[in-house]
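In structure tokens:
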């Protein structure tokens, strides 16, 4: 059995292009607003959505996602809201992932969390601060719920460790393009391409690249060597700066369409 | 009973919950720490710094007048407040600064709550010629403005952190973000026994000299071991420092005093073991103040240095196996003990330390006049004069 995520990546590959993966925290800009953004993602050509579980201490996130998390938490977003947002994303036909720091999973219970993801139509979970040494409980939860487990590797990850982390992944391996926190950058680090090529030697899984991608040009460039392009902060920045919800949604749509073109014109 | 450490774990606690980008730096640090421990040159250099720079061994002071208020128990104070920079923090900082040099890094970053660890870090940076950036919650920069000035005088850059609760927790978040970005050139000089492996083990190794010295000093002075060893617990470095040498002495009670703030029952406190539950914060599994969704809850204490919603994983383990006990001391109790120490012994304690002193009043009454209590007098109170003056209504 394959997950909807695996199917989406396969479909993109068969079209000789990278997949476009878009990130939005649950509950941002509001509980209902987030669902509208997800619908817009789908309409604009996004392949996979990554729903963030907002967390009080997001040490891997830059100011943009921190602000979104603060807004979301102020709106009392918790596990039930995250799961219902997953359900919505699945219902509009997007392959759906949740990205979360580890403690909310630990608090909810690893098995129960994985089951909720599966039963709401989610394909898997990205756990950026769960090291493979601490992952035993999560691995068994993921196996029994038949969802994908996605870990993040960095430019500093050694060859030996790339192989080990990749062996714990299913669906894809998340390659962080640079050493640093999330946020838009004027250019995508050249370290990303090097990391992807080192990773190709260790795994046959698809490799998706995130951190710092915000424009059609950057998406095109990353799509020339990666199987998926992940964009987060750029969408959030638009929504934070929007004068109204309607205007924010239209700007998100415009950017998503541009990015969808970017991943299609690389090869 | 001794603590077990397997891959940086203390029972179910400890470990590493960090982005993959930090694994290389944590491995490098672990290796540097391991090789330094076995290197007589490193140890000689550290010992020399202790002797000629920070002023070790620290003395023991018997608090005879204070004892009258503590059920007549013999009260022995291990005077870490007399160290250079005014607290136990320098012990860890000198060790890690030497490791920074060993790893060939030129820049250190640190978090600070009360400012004691920031001052100690700025001091070591000046001594070793390192660039130093200290992250400090904006609220703490206001209540500890004197220490901010000290850090700046020592040549450090102090970055006020405006995110979240604007206290120690958020300063650590910001320091971790800096570290992920600049890990190649920068060492994160973490100030307590929390954070990802190897920090809890390494910081404890640099602080355990407190208990090693004190155990010999108490034996020499009284001919026996103390009945109880007491310390305040925020992250828990001064506590683990004085507890560690006594862990095998099963007759010696180990008691940590957490910051009860307005009272644990009010929810406005920083008593992580007393009022929290197991979870993950800042790279380690331990007790955490958290809500039903695993979100960290803001802590509250009159003491900036104890105002932290986490605690070192070794304390969580010592608590669970029953080797140490942890109690809460609220703001009022701490400030009463603060004043009592000033007026009976002529020593102004840090408000952090005052929590352990309030604990001594409690434990002394429980154990009675024939008992001996050893207390880690972790820091001096100069930095708290403004807070205390306000609290007691002394015009400035």
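Residue numbers (full-length UniProt numbering), protein chains in the order written: chain V, 1 to 267; chain P, 1 to 396.
For every residue, glycine included, the Cβ atom is placed at its ideal position computed from N, Cα and C.
- Query: Can you name the residues of chain V whose CB is closer than 9 Å to the CB of residue 15(P)?
  - Reply: Within chain V, the residues near residue 15(P) are 131, 133, 134.
- Task: Could you check how far apart the C-beta atoms of residue 97(V) and residue 46(V) are, in whole angstroms? I think they sit under 8 Å.
- Result: Not really, about 12 Å apart at Cβ, beyond 8 Å.
- Would you report the Cα separation of residue 4(P) and residue 249(V), rounded to the nearest angstrom? For residue 4(P), the predicted structure reports a pLDDT of 42, less than 50, and the residue's modelled location is therefore unreliable. A value from the coordinates is still provided. One alpha carbon belongs to residue 4(P), the other to residue 249(V), and they sit about 54 Å apart.
- Message: Could you compute how far the alpha carbon of residue 234(P) sits from the alpha carbon of residue 220(V)?
- Response: 49 Å
- Backbone secondary structure at residue 252(V) - three-state DSSP: In this structure, residue 252(V) counts as helix in the three-state DSSP scheme.
- Query: Are the C-beta atoms of residue 387(P) and some chain V residue less than 8 Å apart?
  - Reply: no
- Task: Could you work out which residue in 26(P), 19(P), 168(P), 59(P) is closest to residue 378(P) when comparing CA atoms only?
- Result: Nearest of 26(P), 19(P), 168(P), 59(P) to residue 378(P), Cα basis: 59(P).
- Hey, is residue 176(P)'s beta-carbon within less than 8 Å of any beta-carbon in chain V? True, the Cβ-Cβ gap to chain V drops below 8 Å.
- If you measure beta-carbon to beta-carbon, which residues of the region 44 to 59 of chain V are closer than 9 Å to chain P? Residues passing the 9 Å Cβ filter: 53, 54, 55, 56, 57, 58, 59.
- Query: If we cut at 8 Å on Cβ distances, does residue 180(V) have a partner in chain P?
  - Reply: yes
- Item | Rounded separation between residue 280(P) and residue 104(V) - CA only | 9 Å
- Taking the DSSP output, what are the residues bridged to residue 270(P)? Looking at the DSSP assignment, residue 270(P) forms a beta bridge with 259(P).
- Message: I need the straight-line Cα distance from residue 235(V) to residue 209(V), nearest angstrom please.
- Response: 16 Å
- Task: Within its chain, find whatever has a CB closer than 6 Å to the CB of residue 276(P); leave out the 5 residues flanking it on each side and keep chain order.
- Result: 287, 288, 289
- Message: Please list the terminal residues of the continuous beta strand (DSSP E) segment that includes residue 78(P).
- Response: 74 to 79 is the span of the beta strand (DSSP E), which, as asked, contains residue 78(P).
- Message: Below 8 Å, how does it come out for the region 376 to 390 of chain P and the region 65 to 82 of chain P: are there three or more Cβ pairs, yes or no?
- Response: yes
- Query: To which residues of the same chain is residue 28(P) closer than 8 Å at the C-beta, ignoring the five residues directly before and after it?
  - Reply: 103
- Query: Using the beta-carbon count (16 or more within 10 Å), is residue 247(V) buried or exposed?
  - Reply: exposed
- Query: For a contact meaning CB atoms closer than 7 Å, what does residue 106(V) contact in chain P?
  - Reply: 279, 280, 294
- Message: As a quick exercise: from 60(V), 12(V), 56(V), 4(V), pick the residue whose alpha carbon is nearest that of residue 260(V).
- Response: 12(V)
- Opening and closing residue of the beta strand (DSSP E) in which residue 51(V) lies: 48 to 52
- Message: Can you look up residue 42(P) in the DSSP assignment and give me helix, strand or coil?
- Response: helix
- Item | Sequence-distant residues of its chain with Cβ nearer than 8 Å to residue 159(P) (five each side left out) | 133, 134, 135, 136, 174
- Message: Could you check whether the region 70 to 83 of chain V touches the region 49 to 59 of chain V, counting it as contact only if at least three pairs of C-beta atoms, one from each stretch, sit closer than 8 Å?
- Response: yes
- Write down the C-beta distance between residue 169(P) and residue 120(P) rounded to the nearest angstrom, noting that I regard them as a contact closer than 8 Å. About 20 Å separates the two Cβ atoms, so there is no contact after all.
- Query: How about the region 138 to 156 of chain V and the region 105 to 116 of chain V: do they share at least three Cβ pairs that are nearer than 8 Å?
  - Reply: With the cut-off at 8 Å, the region 138 to 156 of chain V and the region 105 to 116 of chain V touch.
- Message: Measuring straight from C-alpha to C-alpha, what distance separates residue 250(P) and residue 229(P)?
- Response: 12 Å
- Roughly how many angstroms lie between the CA atoms of residue 369(P) and residue 70(P), to the nearest whole one? Whole-angstrom Cα-Cα distance: 8 Å.
- Query: Since residue 325(P) sits in a beta bridge, which residues does DSSP pair it with?
  - Reply: 255(P)
- Query: Since residue 156(V) meets chain P, which of its residues come closer than 9 Å, beta carbon to beta carbon?
  - Reply: The contacting residues are 20, 21, 22, 23, 24, 25, 183, 184.
- Query: Name the residues in the region 66 to 81 of chain V whose C-beta lies less than 7 Å from a C-beta of chain P; which are they?
  - Reply: 66, 73, 78, 79
- Own chain residues within Cβ distance below 6 Å of residue 371(P), not counting five before or after: 73, 227, listed in sequence order.
- Establish whether the CB of residue 290(P) and some CB of chain V are separated by less than 8 Å. Yes - at least one Cβ of chain V is within 8 Å of the one on residue 290(P).
- Out of 25(V), 169(V), 69(V), 63(V), state which residue places its alpha-carbon closest to the alpha-carbon of residue 207(V). 169(V)
- Query: residue 197(P): which of 31(P), 364(P), 386(P), 393(P) sits nearest, CA to CA?
  - Reply: 31(P)
- Task: In angstroms with no decimal places, state the Cα-to-Cα distance between residue 16(P) and residue 93(P).
- Result: 22 Å
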